[in-house]
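Asker:
Numbering (the working numbering), first residue to last: 20 to 546.
#1: Please classify residue 617 as buried or exposed, where buried requires at least 16 other C-beta atoms within 10 Å of its C-beta.
#2: Terminal residues of the continuous beta strand (DSSP E) containing residue 511?
#3: Take residue 354 as the anchor and find which of 307, 413, 450, 461 has the nearest alpha-carbon.
#4: Between residue 545 and residue 530, is the Cβ-Cβ spacing less than 8 Å?
#5: Is residue 465 closer than 8 Å to residue 388 when the C-beta atoms are compared?
#6: What three-state label does DSSP hand residue 545 in the structure shown?
#7: If you drop the 5 nearest sequence neighbours on each side, which residues of the same chain put their C-beta closer than 7 Å to that of residue 543?
#8: Take residue 167 and list the residues in its own chain whose beta-carbon comes closer than 6 Å to its own, dropping the five residues that flank it on each side.
#9: Roughly how many whole angstroms lie between the Cα atoms of residue 437 and residue 406?
#10: On the CB-based measure, 16 or more other CB atoms within 10 Å of its CB, does residue 509 come out buried or exposed?
#11: Since residue 531 is in the beta strand (DSSP E), which residue starts that stretch and which ends it?
#12: Can you name the start and end residues of the beta strand (DSSP E) that residue 335 belongs to?
#13: Should residue 148 and residue 274 be called a contact, given that it needs their Cβ atoms to be closer than 8 Å?
#14: Please specify which runs of the beta strand (DSSP E), each continuous and at least 3 residues long, are wholly inside the stretch 278 to 308, giving them in chain order.
#15: DSSP on residue 203, reduced to helix/strand/coil?
#16: I'd like the ranges of any beta strand (DSSP E) spanning at least 3 consecutive residues and lying wholly in the stretch 350 to 411.
#17: Counting pairs of Cβ atoms below 8 Å between the stretch 186 to 198 and the stretch 63 to 77, do you hit three or more?
#18: By the three-class DSSP mapping on this structure, what secondary structure does residue 86 have?
#19: Going by other Cβ atoms of all chains shown within 10 Å of its Cβ, with 16 needed for buried, is residue 143 buried or exposed?
#20: When you compare each of 427, 251, 449 to residue 371 by their alpha carbons, which one comes out closest?
#21: Going straight from the alpha carbon of residue 333 to that of residue 382, what length do you get?
#22: Give a single yes or no on whether residue 304 has its beta carbon closer than 7 Å to a heavy atom of the ligand NAD.
#23: What distance in whole Å lies between the Cβ atoms of residue 130 and residue 104, which are believed to be in contact at a cut-off of 8 Å?
#24: Report the CB separation of residue 178 from residue 113 in whole angstroms; it is logged as a contact under 8 Å.
#25: Rounded to whole angstroms, what's the CA-CA distance from residue 533 to residue 501? Just pull it up for me.
#26: Check whether the Cβ atoms of residue 340 and residue 351 lie closer than 8 Å to each other.
#27: Sorted by chain position, which residues of the same chain lie with C-beta nearer than 6 Å to residue 23's C-beta, five sequence neighbours on each side aside?
#28: Report yes or no: do the stretch 238 to 258 and the stretch 312 to 325 share at least 3 C-beta pairs separated by less than 8 Å?
#29: How would you call residue 511, buried or exposed, if buried means at least 16 neighbouring beta carbons within 10 angstroms?
#30: Report the option in 357, 349, 100, 311 whose CA atom is closest to the CA atom of residue 331.
#31: Opposite residue 164 in the DSSP bridges: which residues?
#32: Straight-line CA distance for residue 446 to residue 459?
#33: Would you give the residue range spanned by the beta strand (DSSP E) that residue 328 belongs to?
#34: Based on DSSP bridge pairs, tell me the residues matched to residue 13.
#35: For residue 61, which residues from the same chain have a beta carbon less than 7 Å from its beta carbon, with the 5 sequence-adjacent residues on both sides left out?
#36: My guess is that residue 176 and residue 115 are in contact by the Cβ rule of under 8 Å, so how many angstroms apart are they, rounded?
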């Protein structure tokens, strides 16, 4: 049925092309390719006696092969019914999406008369893909769209990649049975870069850094490609040898790829958690492979996330937050952000913003942190936030705006560029995706245990410990002596004016750094 609609629409697009001066094309909403929960509803009085309703979060209406005579700006009219003010995004090809906000409401949701909204979009000459998605809590019911020529002119937008900024392949080992030239292009988070393997098919093996329970994946054959990635096969293996096909439960269409969603139940699906995945691709090229999921390490206590700097911390005395979160028979307080159990979340039904502080036992230099989305309700997800570090005052060390989690149960990593030791950290979420409630599954922090902040007398030389090593950052060449608590010197070597990594066994050490006739002694604990 999907292909019958596609062929009918393609004929309509070809037949409707007039001259560039009087171009007009009608796109019936029900003729597009729909992503649930959006669905066609048949009601007399609408154009074509049908409209697309239930445009809730996750919905999409996609028109492919929209034939345009001349590249440039076009008027894009949306005909809709909605008793509330709603908004949609309109994306043409690989250009940034345009938000169209409908301030005019109608008397009824599900019957005419319809209202009309005008937006301007940029289209290429030839065949275009146009994608319409709801904003916030949902969009209006949509009758049809019209594209018309206009005297308005806007500059050609810069094309953008739709791949997400992070996925599990970023930390994975990638191998293939084909050429390895430009193989890194399959995992660089940009579908505009192509891996061409020159054969009818290719097997791409992905070995993640730890077991994950896969909750979604994004596949692209590259910008402008006509290959259908739904013909590709993603598989997982528990032993790295025998592979089993992954079965997605929902697809979401993007201009240059498809996002496949996999519904998961907390802990019940743990038998599918693995580090081994394989993609069987067809057509000669791959634009991007992205995997999303949740860490699922072997455990006996439902603590499937990896340990971080909050391990063994008494969270009740070392963290604070507002709002507290739901308490009672369903404990959904902010403490759950740190318990490493995928079935426990932080939730509050009466606010869209929150903050949470945590103070580790030792000052740390943060390398990155992760946020993990919950099982449902994407409108409750954090959208914009600030991460701060505390050394007597709160300092902003990372800021994120307009972020979208790709799937439910997606653990996303955010690097921290500021390499300073802090005594505490604050996650200050300023905006969610529109709901009057928020939720977050986990907030984890990963870094290196530092000497106490009071021991560090300048910002030019920093000494701290990480797992199995001592790290010294300095701006001058020098030397270091490392002694154990018995006074025995076990390391004596030169230092570069950059980052120096010294492997060492777990223990407590006195580190004596000498640079430019200056010296400092720091006690560090290597765990």
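Note that CB positions come from ideal geometry on N, CA and C, so glycine has one too.
Answerer: Reading it off the structure:
#1: The first residue shown for the chain is 20 and the last is 546, placing residue 617 beyond what the model contains.
#2: What you label residue 511 is simply residue 492 of the chain shown in a count that begins at 1. It spans 508 to 514 - the beta strand (DSSP E) in which residue 511 sits, taken as one unbroken run.
#3: Locating residue 354 in the chain shown gives position 335, where the first residue counts as 1. When each option's Cα is compared against that of residue 354, the closest is 461.
#4: Along the chain shown, one-based indexing puts residue 545 at 526. Along the chain shown, one-based indexing puts residue 530 at 511. Contact flag unset, no.
#5: Numbered from 1 along the chain shown, position 369 holds the residue referred to as residue 388. Numbered from 1 along the chain shown, position 446 holds the residue referred to as residue 465. The answer is yes: Cβ separation under 8 Å.
#6: For this step, residue 545 is matched to residue 526 along the chain shown. The answer is strand: DSSP assigns residue 545 an E or B state.
#7: Position 524 of the chain shown, counting from 1, holds the residue named residue 543. Only 470, 482, 483, 484, 489, 528, 530 meet the Cβ criterion.
#8: Residue 167 sits at position 148 when you count from the first residue of the chain shown. Closer than 6 Å at the Cβ level, and outside the excluded window around residue 167, lie 43, 94.
#9: On the chain shown, residue 437 is found 418 positions in, with the first residue counted as 1. On the chain shown, residue 406 is found 387 positions in, with the first residue counted as 1. So the two alpha carbons sit approximately 11 Å from each other.
#10: Mapped onto the chain shown, residue 509 falls at position 490. Classification of residue 509: exposed, given that the 10 Å Cβ count is below 16.
#11: Within the chain shown, residue 531 is the residue found at index 512, counting from 1. Residues 526 to 534.
#12: As a first step, residue 335 must be located in the chain shown, where it is residue number 316. Per DSSP, residue 335 belongs to no beta strand (DSSP E); it is in the alpha helix (DSSP H), 334 to 337.
#13: Along the chain shown, read from residue 1 onward, the residue named residue 148 stands at position 129. Along the chain shown, read from residue 1 onward, the residue named residue 274 stands at position 255. A contact, by the Cβ cut-off of 8 Å.
#14: 293 to 301
#15: Within the chain shown, numbered from 1, the residue matching residue 203 stands at position 184. Residue state, collapsed to three classes: helix.
#16: 365 to 367, 373 to 377, 383 to 391, 401 to 409
#17: no
#18: Locating residue 86 in the chain shown gives position 67, counting from the first residue. DSSP places residue 86 in strand when its eight states are reduced to three.
#19: For the purposes of this step, residue 143 is taken as the residue at position 124 of the chain shown. Counting Cβ neighbours within 10 Å, residue 143 comes out buried, since at least 16 surround it.
#20: Looking up residue 371 in the chain shown gives position 352. With distances taken between Cα atoms, residue 371 lies closest to 449.
#21: Along the chain shown, read from residue 1 onward, the residue named residue 333 stands at position 314. Along the chain shown, read from residue 1 onward, the residue named residue 382 stands at position 363. The alpha-carbon atoms of residue 333 and residue 382 are separated by roughly 16 Å.
#22: No copy of the ligand NAD appears in this structure; indeed no ligand is present at all.
#23: In the chain shown, residue 104 corresponds to position 85, counting from 1. In the chain shown, residue 130 corresponds to position 111, counting from 1. Not really, about 19 Å apart at Cβ, beyond 8 Å.
#24: Position 159 of the chain shown, counted from the start, is the residue given in the question as residue 178. Position 94 of the chain shown, counted from the start, is the residue given in the question as residue 113. Yes, they are in contact, since the Cβ atoms of residue 178 and residue 113 sit about 4 Å apart, within 8 Å.
#25: Position 514 of the chain shown, counted from the first residue, corresponds to residue 533. Position 482 of the chain shown, counted from the first residue, corresponds to residue 501. Computed Cα separation, rounded: 12 Å.
#26: For this step, residue 340 is matched to residue 321 along the chain shown. For this step, residue 351 is matched to residue 332 along the chain shown. Taking 8 Å as the Cβ cut-off, residue 340 and residue 351 do not qualify as a contacting pair.
#27: Position 4 of the chain shown, counting from 1, holds the residue named residue 23. Since pLDDT at residue 23 reaches only 28, below the 50 mark, its modelled position is unreliable, and no value is offered.
#28: no
#29: The count along the chain shown starts at 1 and reaches residue 511 at position 492. Flag for residue 511 reads exposed.
#30: Numbered from its first residue, the chain shown carries residue 331 at position 312. When each option's Cα is compared against that of residue 331, the closest is 357.
#31: Here residue 164 corresponds to residue number 145 of the chain shown, with the count starting at 1. According to DSSP, which records beta bridges pairwise, residue 164 is partnered with 46, 97.
#32: For the purposes of this step, residue 446 is taken as the residue at position 427 of the chain shown. For the purposes of this step, residue 459 is taken as the residue at position 440 of the chain shown. Those two C-alpha atoms are separated by around 12 Å.
#33: Within the chain shown, the letter at position 309 stands for residue 328. Per DSSP, residue 328 belongs to no beta strand (DSSP E) and is neither H nor E.
#34: With the chain covering only 20 through 546, there is no way to say anything about residue 13.
#35: Counted from its first residue, the chain shown places residue 61 at position 42. Excluding sequence neighbours, residue 61 sits near 68, 69.
#36: Position 157 of the chain shown, counted from the start, is the residue given in the question as residue 176. Position 96 of the chain shown, counted from the start, is the residue given in the question as residue 115. About 6 Å; that satisfies the 8 Å criterion.
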